[in-house]
Amino acid sequence: MNNNCCKFNELFIILVYKSLNLHRMSYETNTSGYPSAQPQKQAASNGGDNRKVIYAILIIALIATWGYIWYDKNKSTEQITQLEEKNDALDSTRAALQVEFDAALQRGDSLAESNVQLQGELAEKQAEIERKKAEIRRELNKKDGDLKKAKALIAELRTQTEELLAEVAKLKAENQQLTTANQQLSTEKEQLSTAKKQVEDNLAATESEKNRLQDVASTLHASNINITAINIKGSGSEKETNTAKRADALRISFVIDENRIAPSGPKELYVIVYNPEGQVVSTPGTSGNFNT
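Counting in the working numbering, the sequence shown runs from 42 upward without gaps.
Here is the structure:
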């Protein structure tokens, strides 16, 4: 605006200068011609008319100057207003984008809360998201940042974040399934261990009972037991007797019943004789043999 005013003022000065020169030339023409009968009166009349023309031109030029200044000022004010409105719109857009960016960041923070260790391809996607965040921050923080680019980047960030969250959720679900399966396997293992112990205990009890039954069943059983008192004569001959006082020895005979469980082979048999008082009848240093 100042440059335009200066140019207009220069134009106004040139116009005034040319008007003054025109007045002087007109005056010189009137005063330097042939002698006139009324030279002073005519010169005065011409000078007054020229001054009026000059004043009129000056007034018009002044009015035009102020009109132009007013127009230029209004135009500048309008441009400033438009620029301020544009800046306000940009600020509003930047603020809206910042809100969207904050929402995307908050959505992405749930990744950290998931406590899932990202590896391989998922880790690369997470790194790409972090790079995009940094780029968006640079665009939003710059005064003349590319907001269209920032908006596009935020949209990409939102999409990538949602995709990564979906993959993490899927991974967590699979991990949960594996955890449940492991717990089930652990429970089944404990049940199998308990069942195995029960089987082993039952087997041990069965084996013990089997051994007991075998021991009982393998015990030899005697039948047709016959005891005869023997009186031994001085000549060494033996004679059966029914008198206890004359009994010098006892002849015991019996039959061993068949036993299919007892192992075959020689057996040692022991016979104990009790008297009516329940005492063992024994002669020190003596023993007997069985003939089979």
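Each residue gets a CB set at the ideal place from its N, CA and C atoms; glycine is no exception.
Straight-line CA distance for R135 to R199? R135 and R199 have their C-alpha atoms some 17 Å from each other.
L205 and I170 look like a contact to me (Cβ under 8 Å); what is the Cβ gap, rounded to whole Å? The Cβ separation is near 7 Å, so the contact holds.
Among residues of its own chain, excluding the 5 on either side of I266, which ones have a beta-carbon nearer than 6 Å to its beta-carbon? Same-chain partners within the cutoff: F295.
Which term fits T202, buried or exposed, when burial requires 16 or more other beta carbons within 10 angstroms of its beta carbon? The residue is buried, with at least 16 neighbouring Cβ atoms inside 10 Å.
Other residues of its chain near V321: CB distance less than 8 Å, five sequence neighbours each side excluded: Once the five neighbours on either side are set aside, the close Cβ partners of V321 are I313, V314, Y315.
Nearest by alpha-carbon distance to Y311: which of H262, D132, R178 is it? Closest by C-alpha distance to Y311, out of H262, D132, R178, is H262.
Got a sec? Which residues, its chain only, sit under 7 Å from L181 by beta carbon, not counting five neighbours each side? R135, L138, Q139, F142, A191.
Going by alpha carbons, who is nearest to E197 out of G149, Q218, E231, G277? Answer by Cα proximity: G149.
Taking contact to mean at least 3 C-beta pairs separated by less than 8 Å, is the segment 230-239 in contact with the segment 248-262? Result no; under three Cβ-Cβ pairs closer than 8 Å.
Can you have a look at A145 and say buried or exposed, based on whether 16 or more other CB atoms are within 10 angstroms of its CB? Buried, because 16 or more other Cβ atoms sit within 10 Å of the Cβ of A145.
Which residue from I195, S133, A105, T235 puts its Cα closest to that of R179? For the set I195, S133, A105, T235, the Cα lying nearest the Cα of R179 is the one of I195.
If we call anything under 8 Å between Cβ atoms a contact, is T282 one with A288? It is a contact, given that the beta carbons lie within the stated cut-off.
Those residues which DSSP pairs with N182 across a bridge: DSSP, once it has assigned bridges, lists no residue as partnering N182.
State the start and end residues of the unbroken beta strand (DSSP E) segment that holds K192. Segment 188-258 is the alpha helix (DSSP H) holding K192; no beta strand (DSSP E) there.
I'd like the list of long-range same chain contacts for I268, defined as Cβ closer than 7 Å, with 5 residues on each side in sequence excluded. Cβ neighbours of I268 beyond the five flanking positions: L291, I293.
May I ask you to report which of helix, strand or coil DSSP gives A102? Secondary structure of A102 (DSSP, three-state): helix.
How is K280 classed by DSSP in three states: helix, strand or coil? Of the three classes helix, strand and coil, the one that applies to K280 here is strand, per DSSP.
Can you determine whether any heavy atom of the ligand NAP sits closer than 7 Å to the C-beta of T284, and answer yes or no? This structure lacks the ligand NAP; in fact it carries no ligand of any kind.
Restricting to Cα atoms, I'd like to know which of S276, T228, L212 is closest to L163. Nearest C-alpha to L163: L212.
In this structure, what does DSSP give as the bridge partners for N272? K280.
Could you check which residue in T228, R253, G108 has the C-alpha nearest to that of A303? Comparing Cα-Cα distances from A303 to each of T228, R253, G108, the minimum goes to R253.
Between K274 and K280, how many whole angstroms is the CB-CB distance? I'm expecting something under 8 Å. Correct: roughly 7 Å between the Cβ atoms.
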